[in-house]
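Written out below as structure tokens is the structure these notes cover.
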Amino acid sequence: MNRFVLNETSYHGYGAISAIADEIKARGFKKAFVCSDPDLIKFGVTGKVTAVLDSAEIPYEIYSEIKPNPTVENVQGGVKAFKKADADCIVAIGGGSSIDTAKAIGIIITNPEFEDVVSLEGVAPTKNKCTPIIAVPTTAGTAAEVTINYVITDAKNNRKMVCVDVHDIPVVAVVDPDMMSTMPKGLTAATGMDALTHAIEGYITKGAWELSDMFHIKAIEIIARTLRAAVEGKAEGREGMALGQYVAGMGFSNVGLGIVHSMAHPLGALYDTPHGVANAIILPTVMEYNAEATGEKYRDIARAMGVEGTENMSIEEYRKAAVDAVKKLSADVGIPADLKDIVKKEDVDFLSESAFADACRPGNPKDTSVEEIKELYLSLM
């Protein structure tokens with residue numbers, strides 16, 4: 485048996501944020517708790533949404549104590565602020581950090597027995613749907629607005645906690661490319677490669693099946709076609725990536741990922757490495773490692789990446805072509821090729837053990853070990 489969970493409602497395209505006020509009023513909400521990070525507020529991105537709320541005379545309070553890799557403390561501060569605000573819905577504006585923080589806050593508000601936050605790790609036995617969330621992504625990568633996953637950093641133990649909960653999915657996703665228009669090139673590239681990682685890992689994960697495959701292959705195709713243009717700041721590229729990352733999220737949220745994410749999470753926890761950069765660097769190497777366990781799926785990936793003539797290639801040729809196409813896209817958008825400027829050799833044992841313990845690891849198409857993960861890290865240094 486397979487389960488699929490998606491948003492109740494989603495809006496797509498330029499100007500989609502105008503629907504936020506209508507959704508809040510139609511659902512009978514009285515006051516919004518706006519979660520957004522300090523930089524988005526500083527540069528006026530959050531203001532695009534609060535202007536919609538102001539125009540509709542919807543009261544709100546803003547919570548911005550959110551780090552790029554949100555911590556247990558960020559969540560606990562948000563829970564206190566939400567209670568003080570006396571709000572009845574959350575509007576989460578930002579990348580994965582803001583939306584993940586909002587999910588954790590919303591879950592704890594309706595399931596207070598998890599107020600320590602750390603007990604939410606893995607598949608927590610929550611009983612109630614979280615406080616209703618309207619999610620407005622400002623990056624084209626994490627797809628947090630459509631997933632049942634969120635990641636919170638346990639700073640005391642230098643580790644990221646992957647939380648999986650059907651009760652946390654936003655009721656409304658508002659995917660407006662205009663909200664992503666201020667992303668700098670580096671962030672556009674990193675989040676875009678994160679989305680590609682979601683699509684490729686989701687396509688080959690152990691839990692993959694025909695319904696999820698449909699989303700993932702289409703997402704790979706869209707991302708391969710539009711990421712370069714998005715990094716160049718072109719409107720059609722932004723719009724394509726806004727859709728591509730969302731389609732990838734529709735798939736992987738329901739079937740899981742693999743050890744690219746398992747290996748990337750500890751880098752974010754220990755070094756604060758941007759998640760998309762970590763994924764992009766690791767992805768080709770892990771694709772090579774996993775190839776023997778993927779059947780003919782790399783032919784589909786290569787074709788979706790724009791490689792021609794795959795129907796005439798041998799299994800070795802199309803597997804190499806898929807990996808090479810990913811490497812080429814990553815290089816074209818300016819992603820580093822290795823981890824030598826990020827990872828310290830003395831940390832590799834800790835990183836490997838953390839990656840093996842990560843919630844994404846069991847979904848990897850090829851069974852692995854701490855020692856094999858260690859070899860993968862070392863090969864990237």
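To convert a position in the sequence shown, counted from 1, into the numbering used here, add 484. Every residue, glycine too, gets a C-beta built ideally from N, C-alpha and C.
Specify the secondary structure class of R845 as computed by DSSP and reduced to three states.
-> helix
From E661 to A719, what does the alpha carbon distance come to, in whole angstroms?
-> One point to set straight first is that residue 661 is Pro, not Glu, in the sequence displayed. Looking at the two C-alpha atoms, the distance is approximately 8 Å.
Return the residue from the list S853, F736, A500 that minimises the CA-CA distance to G625.
-> F736
Stretch-stretch touch, CB-based, cutoff 8 Å, three pairs: the stretch 833–849 with the stretch 747–761 | yes
What residue does the alpha helix (DSSP H) around N774 start on, and which one ends it?
-> 759–774
Span separating the alpha-carbon of G717 from that of I508 = 32 Å
Alpha helix (DSSP H) runs contained entirely in the stretch 669–711, provided each spans 4 or more residues = 669–688
Spatial neighbours of R511 in its chain, beta-carbon cut-off 8 Å, leaving aside the 5 residues before and after = C573, P616, V655
Alpha helix (DSSP H) containing E859: first to last residue?
-> 854–863
Would you call M865 buried or exposed, if buried means 16 or more other Cβ atoms sit within 10 Å of its Cβ?
-> exposed
Enumerate in chain order the residues of its own chain whose CB-to-CB distance from I867 is below 7 Å, with the five nearest sequence positions on each side excluded.
-> Since the first residue of the chain shown is 485 and the last is 865, residue 867 is not available in this structure.
Using beta-carbon positions only, say whether A732 and H700 come within less than 8 Å of one another.
-> yes
Could you check what DSSP says for F488 in three-state terms: helix, strand or coil?
-> coil
Which residue's Cα is closest to the Cα of A788: L604, A703, A777, D521?
-> A703
If we ignore side chains and look at the alpha-carbon of each, how far apart do M664 and G497 end up?
-> 11 Å
Quick one: what does DSSP say R643 is sitting in, helix, strand or coil?
-> strand
Through-space distance from M725 to L711, alpha-carbon basis = 6 Å
Element boundaries [beta strand (DSSP E), containing N595] = It is not in any beta strand (DSSP E) - N595 carries neither H nor E in the DSSP assignment.
For I550 versus D570, is the C-beta distance shorter than 8 Å?
-> no
In chain order, which alpha helix (DSSP H) runs of at least 4 residues are fully inside the stretch 811–846?
-> 832–841
Kindly confirm or deny that the stretch 773–790 and the stretch 683–697 touch, where touching means at least three C-beta pairs closer than 8 Å.
-> yes
What residues match up with N633 in a beta bridge as DSSP calls it?
-> V648
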